[in-house]
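Asks:
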Amino acid sequence: GAGVSQTPSNKVTEKGKYVELRCDPISGHTALYWYRQSLGQGPEFLIYFQGTGAADDSGLPNDRFFAVRPEGSVSTLKIQRTERGDSAVYLCASSLLAGSTDTQYFGPGTRLTVL
Amino acid sequence: GESVGLHLPTLSVQEGDNSIINCAYSNSASDYFIWYKQESGKGPQFIIDIRSNMDKRQGQRVTVLLNKTVKHLSLQIAATQPGDSAVYFCAETPRDSGGSNYKLTFGKGTLLTVNP
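Residue numbers (my numbering), protein chains in the order written: chain C, 1 to 115; chain E, 1001 to 1116.
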């Protein structure tokens, strides 16, 4: 079956621009997660959705970052006024049951480069 | 702050040998641990997990050992193959007030290279 998909796979933008990153979770998965991975580092938690609502957004670095999941499936991570320090791979994961130890399945990521 | 880290950043082994990748964690509230494999250009792939009420768990060619006394986690790969070459991350998560484990904290990673 299809895994988690993310688009675009690569995004190059200029400092100060707005970007949107999309995540399509595995069908039927109620929980969705966003992580950010800098070069040579492990992924860092950003936000966690249970259904349509953000259950934990404590990992978002500042108010330039925002994520939505309006219908409880596809999620979009939005970054305003991008900065060079935002350059990283943004990973999305999903799991079957919210609030459990269900395995988180990761997508391939979107590599964001801010020039 | 508390964190998860790895002792060795790189590990090179011969094909057919056994590999051991180590990880130290410092959050005493962690009760669920996972090993992920990440190949270049791909997202992390689940390998095996273990709860804090266990000290050993085996999968296909992989074994995870947990030593809560010294806060140490290891991943053993038997008969390592070239396809095992990747970066391996340990991740931990504490149980939150609602009884959920969801916020993974990853270590830095160990690069495993398998020589044919």
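Glycine residues also receive a C-beta, built at the ideal position from the N, C-alpha and C atoms.
How many Å lie between Leu1075 (chain E) and Leu1111 (chain E) at the Cα?
Replies: So the alpha carbons of these two residues sit roughly 13 Å apart.
Asks: Measure how close the beta-carbons of Leu91 (chain C) and Gly1043 (chain E) come, nearest whole angstrom, since I'm counting them as under 8 Å.
Replies: With 8 Å as the limit, Leu91 (chain C) and Gly1043 (chain E) qualify as a contact, their Cβ atoms being about 5 Å apart.
Asks: Between the beta-carbon of Leu1073 (chain E) and the beta-carbon of Asp1055 (chain E), is there less than 8 Å?
Replies: No; because the gap between Cβ atoms is not below 8 Å, this pair is not in contact.
Asks: Is there at least one Cβ from chain E nearer than 8 Å to Gly51 (chain C)'s Cβ?
Replies: Chain E contact via Cβ: absent.
Asks: Taking one C-beta from the segment 1027-1034 of chain E and one from the segment 1084-1093 of chain E each time, how about it: are there three or more such pairs within less than 8 Å?
Replies: Judged by Cβ distances under 8 Å, the segment 1027-1034 of chain E makes contact with the segment 1084-1093 of chain E, as three or more pairs qualify.
Asks: Whose Cβ in chain E lies nearer than 7 Å to the Cβ of Leu60 (chain C)?
Replies: The contacting residues do not exist; Leu60 (chain C) stays about 13 Å from chain E at best.
Asks: Quick one: which chain E residues come within Cβ less than 7 Å of Tyr18 (chain C)?
Replies: Under the 7 Å cutoff, chain E gives no residues; its nearest Cβ is about 24 Å from Tyr18 (chain C).
Asks: Decide if Asn1101 (chain E) is buried, meaning its Cβ has at least 16 other Cβ atoms within 10 Å, or exposed.
Replies: So Asn1101 (chain E) counts as buried.
Asks: Any C-beta of chain C sitting closer than 8 Å to the C-beta of Phe1033 (chain E)?
Replies: It does not: the Cβ of Phe1033 (chain E) has no partner Cβ on chain C nearer than 8 Å.
Asks: Go ahead and label Gln1081 (chain E) buried or exposed: buried means 16 or more other beta carbons lie within 10 angstroms of its beta carbon, across all protein chains shown.
Replies: So Gln1081 (chain E) ends up on the exposed side.
Asks: In terms of alpha-carbon separation, which member of C:Glu44, C:Leu96, C:Gln80 and C:Gly59 lies closest to Leu21 (chain C)?
Replies: Residue C:Gln80 is the option with its Cα nearest to Leu21 (chain C).
Asks: Between the alpha carbons of Asn10 (chain C) and Thr1069 (chain E), how many angstroms are there, rounded?
Replies: When rounded, the distance between both Cα atoms is 43 Å.
Asks: What in chain C is Cβ-close to Lys1108 (chain E), meaning under 8 Å?
Replies: Result: Gly40, Gln41 and Gly42.
Asks: Measure the C-alpha to C-alpha separation of Asp63 (chain C) and Lys17 (chain C) and round it to an integer number of angstroms.
Replies: One C-alpha to the other measures close to 15 Å.
Asks: Decide if the segment 47-61 of chain C is in contact with the segment 69-77 of chain C; the criterion is three or more beta carbon pairs, one per stretch, under 8 Å apart.
Replies: Contact holds: three or more Cβ-Cβ distances are below 8 Å.
Asks: Could you please give the first and the last residue of the uninterrupted beta strand (DSSP E) stretch that includes His1072 (chain E)?
Replies: Where His1072 (chain E) is concerned, the enclosing beta strand (DSSP E) stretches over His1072 to Ile1077.
Asks: Please confirm if Tyr1088 (chain E) has its CB atom under 8 Å from at least one CB of chain C.
Replies: Not one chain C Cβ lies under 8 Å of Tyr1088 (chain E).
Asks: To the nearest angstrom, how far is it from the Cα of Ser1052 (chain E) to the Cα of Ala1024 (chain E)?
Replies: Roughly 14 Å between the two C-alpha positions.
Asks: Going by beta carbon distance, what residues of the same chain come within less than 6 Å of Asn1115 (chain E), once the five residues before and after it are set aside?
Replies: Correct list, in chain order: Gln1014.
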